[in-house]
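Residue numbers (the numbering used here), protein chains in the order written: chain A, 11 to 366; chain B, 34 to 528. Note that beta-carbon positions come from the ideal geometry of N, C-alpha and C, so glycine has one too. This one's a predicted model, so the numbers in the text were calculated from it and none came from an experiment. Note sheet for the following structure.
Take a look at the structure:
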């Protein structure tokens, strides 16, 4: 306001617009009329001197937090930003952070490490509290994805996936779970359906570790978890891994049986595979929806540069955090397809879980 | 086993490991003193620095921070009446009245020495438990955890300052607060008013900070006085008096340490509850129970002695099964993964020296923090002489930051303010606040473990041997408390 007054009084006087004012306004109009040109010009320079926040939707010290901090340590430089810092925003199993990222400004200063399978299954199942659309996020790239292992208590008589059907005839089998809607709950539902067995899913455990301890005590039979945590529980002497929850054998673990091998029915096979399809996204980086093409490209390029950086790769080895990257465009395409054409059996299963 | 112990000790006192312990202790001191700024975030920030360290160096660095945080939290509890950590809340009950009397130095000294002795007890328990760790941890399932939580709730009877009905009402209110969030069995949101931030329940950290901090800060703002209302005569010498106190009342410290170590073994329930169980037990067995809550040295010793003992106890399930007891120990668990050691049987066989090094760290780090704090006690106690209205804004800032920092959530700040309001009202109308806290912490645990026990065992869980033992214990505690209440009632009648 004040400057406008200033311009008027410094000009030729009177109430009309001065030549300076006209020139300024015209200039402004020109600049705003070519937003693409203007943005393309400052594209990645936008990040110079700024801090980018990488939101981790879980508590510090967990797997997501470790990956987030590892990425943040390198990606900030590649982006040309002053800083990239990790902000932990736990809550509602990750939905809190995802909702907040969905409504954040798409300027590139806020990105999130997503629990992609949780995001997708919550949305497909109509979980309460979901206020985002997974396919709408600006996907930057996948960091890592792990297979899901089926493990059994160390003293359990069940030795392999085949034994499950015979054991089910003798007694009610039990899955441990941390809560309805969690991956381990959905995995339990899928196994029951695909193998056609009646099984009880015991919910209420505070975390995977509690379930593993319960399995060691012989209280529950099975638990679905990431391969890494199952392997660690195996080393601790609590459980045995008996299979993977997938349709096709996993190239990283060729000698472990997959659920899909036990079923002939195409629908059942698809169901066994749906879980790993949804898990394709693993832990990925996403930004709020509606981001300008070139801004998103800056982020994607920075990510590509990060995963090619020998220092970063050395870090992944030293920290014991392997990566299985996928570029942003492919990731976005896969997620888009999945959300547009989800396997109907799977969606029914999800809706049933959340219908409570 | 002896070689492993010696090997562990030697590796811990090597220059690099010891230096890391010093740094970790300093960090823990700062983090512990600031209310709300918790162990987990500090530990997570320290994790990247551990890549490339040997396992023992890693644990020296991280464990020293964890151990010192819990001890240092007691300093703020004593000086300002605001718990520096949720596990230091009980220290406020008697530590702060002592500071008001001008005995801040003595209180801090007693707290430090009791913590050290407690650390020793916890370490001894860990060593003694090594041969039997796995079967013991395996014997404790959801029914046993449920009973432990219920035993904790019976202590409400003792900790209600004689107003048992008020105590029970507050405990019920606490349980209601614990119910807020997603139902663990059916994932139905309860009392969340449609707000996603409430799905995980009301955070314990902002609750504790507000409940205790609110009345304290308000009092400082309204009164023109400083925290210490009477002039301390010899502040520095007070510390040594405090040290001596811990040895004079060694029975209290011993029992508190044992309770801390024992309760610390239970994942999840351990930390926040052990302090109140130890406090309640000391009060029940004291010859001067009426002094508790007004600056009783026994009360202070009981609430401090369990602090580091429970850290030792919490290491038991973590080392043997990778079962973390809290968010802080969960970060330590991650450290295991980083150094490439898996928790489990190996920790008790080929990596026994690493296990022992963890034990040594808990002891040595507590000694370090004692030595560091001694020269600081004099200036720290002088803070209690600062004018109340001057101190209040500073404390207010700390408290707001602390409430925000636990989950980076502005909602937690509102929780803290609401809890502060509740705390002020309770103090004004003389309603006990500790039962509320017990209800919140234990209510959630009770519900979860009850439903798990039912799902796993039907009603058969009630007759398991350890469970029966706990039933007997509960009955014993209740009867004693009732007997005492009845006796004092009869006494009053005669007068």
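Residue(s) in a DSSP beta bridge with residue 222/B: The beta-bridge partner set that DSSP reports for residue 222/B consists of 215/B.
Chain A contact residues for residue 371/B, given Cβ-Cβ distances below 7 Å: Near residue 371/B (Cβ distances below 7 Å), the residues of chain A are 329 and 330.
In chain order, each alpha helix (DSSP H) run of at least 4 residues that lies wholly inside the stretch 66-150 of chain B: Contiguous alpha helix (DSSP H) elements confined to the stretch 66-150 of chain B occur at 72-83, 88-113 and 122-133, taking only those with 4 or more residues.
C-alpha gap between residue 49/A and residue 304/A, whole angstroms: Any reading at residue 49/A must be qualified, since the residue scores a pLDDT of 44, below 50, and its modelled position is unreliable; the value itself is stated next. A straight line joining the alpha-carbon of residue 49/A with that of residue 304/A spans about 8 Å.
Of the listed residues 96/B, 174/B, 107/B and 121/B, nearest to residue 490/B (C-alpha basis): With respect to the C-alpha of residue 490/B, the residue from 96/B, 174/B, 107/B and 121/B having the closest C-alpha is 174/B.
Exposure of residue 36/B, with buried meaning 16 or more beta-carbon neighbours within 10 Å: Per the 10 Å Cβ criterion, exposed.
Sufficient close CB pairs (3 or more, under 8 Å) joining the stretch 365-384 of chain B to the stretch 345-356 of chain A: Judged by Cβ distances under 8 Å, the stretch 365-384 of chain B makes no contact with the stretch 345-356 of chain A, as fewer than three pairs qualify.
Reference residue 361/B, options 118/B, 522/B and 88/B, closest by Cα: Cα-wise, what sits closest to residue 361/B is 118/B.
Under the three-state DSSP convention, the category residue 41/B falls into: Assignment of residue 41/B by DSSP, reduced to helix, strand and coil, places it in the helix class.
Residues in the stretch 484-510 of chain B having any Cβ partner in chain A nearer than 7 Å: Under the 7 Å Cβ criterion, the stretch 484-510 of chain B contributes 484, 485, 488 and 489.
Residue 149/A - partner residues in DSSP beta bridges: Beta-bridge partners of residue 149/A (DSSP): 296/A.
Same chain, Cβ closer than 6 Å to residue 182/A, five either side skipped, listed in chain order: Only 210 meet the Cβ criterion.
is_contact[residue 14/A, chain B] using C-beta, thresh 8 Å: Summary for residue 14/A: the model assigns pLDDT 42, below 50, so the residue's position carries little reliability; its value from the coordinates is reported in the next sentence. Chain B contact via Cβ: absent.
CB contact flag (residue 103/A, residue 128/A, <8 Å): Yes, the Cβ-Cβ distance between residue 103/A and residue 128/A is below 8 Å.
CB of residue 300/B within 8 Å of CB of residue 356/B, strictly: Residue 300/B is a Cβ neighbour of residue 356/B, given a cutoff of 8 Å.
Min CB distance residue 357/A to chain B below 8 Å: Cβ-Cβ to chain B under 8 Å: no for residue 357/A.
Reference residue 297/B, options 261/B, 344/B, 328/B and 504/B, closest by Cα: Of 261/B, 344/B, 328/B and 504/B, the residue nearest in Cα terms is 344/B.
Proximity test, Cβ basis, 8 Å: residue 283/B and chain A: Closer than 8 Å: no.
8 Å Cβ cutoff, residue 165/B in contact with chain A: No, no contact with chain A.
Residues that residue 321/A bridges to, as DSSP identifies them: According to the DSSP secondary-structure assignment, residue 321/A is paired through a beta bridge with no residue.
With 16 other Cβ atoms within 10 Å as the buried cut-off, status of residue 113/B: Result: buried.
Unbroken beta strand (DSSP E) run spanning residue 125/A, endpoints: Residues 120-125.
DSSP bridge partner residues for residue 93/A (one or two, in chain order): Partner(s): 61/A.
Contact the stretch 406-418 of chain B vs the stretch 160-179 of chain B: 3+ CB pairs below 8 Å: Segments in contact, no.
For residue 213/A, the three-state DSSP class (helix, strand or coil): When DSSP states are grouped into helix, strand and coil, residue 213/A belongs to the strand group.
Enclosing alpha helix (DSSP H) for residue 186/A [first to last residue]: Segment 183-187 is the beta strand (DSSP E) holding residue 186/A; no alpha helix (DSSP H) there.
Rounded straight-line distance, which links the Cα of residue 214/A to that of residue 162/A: As the crow flies, the alpha-carbon of residue 162/A is around 18 Å from that of residue 214/A.
Chain-ordered residues of the stretch 222-239 of chain B with a beta carbon less than 8 Å from chain A: Against chain A - using a Cβ distance shorter than 8 Å - the residues of the stretch 222-239 of chain B are 222, 229, 230, 232 and 233.
Closest residue to residue 81/A among 118/A, 98/A, 58/A and 153/A (Cα-Cα distance): The option with the nearest alpha carbon to residue 81/A is 153/A.
Proximity test, Cβ basis, 8 Å: residue 356/B and chain A: True, the Cβ-Cβ gap to chain A drops below 8 Å.
Contacting positions in the stretch 80-91 of chain B - beta carbon closer than 9 Å to chain A: So the close ones are 80, 81, 84 and 85.
Where residue 234/A sits in the DSSP three-state scheme: In the structure shown, residue 234/A sits in a strand (DSSP, three-state: E or B).
The stretch 170-189 of chain A / the stretch 325-332 of chain A touching (three or more Cβ pairs under 8 Å): With a cut-off of 8 Å, the stretch 325-332 of chain A and the stretch 170-189 of chain A do not count as touching, because too few Cβ pairs lie within range.
Three-state secondary structure assigned by DSSP to residue 159/A: It is a strand residue.
Status (buried if at least 16 other CB within 10 Å, exposed otherwise) for residue 317/A: The residue is buried, with at least 16 neighbouring Cβ atoms inside 10 Å.
Short CB-CB distance (under 8 Å) between residue 367/B and chain A: At least one chain A Cβ lies under 8 Å of residue 367/B.
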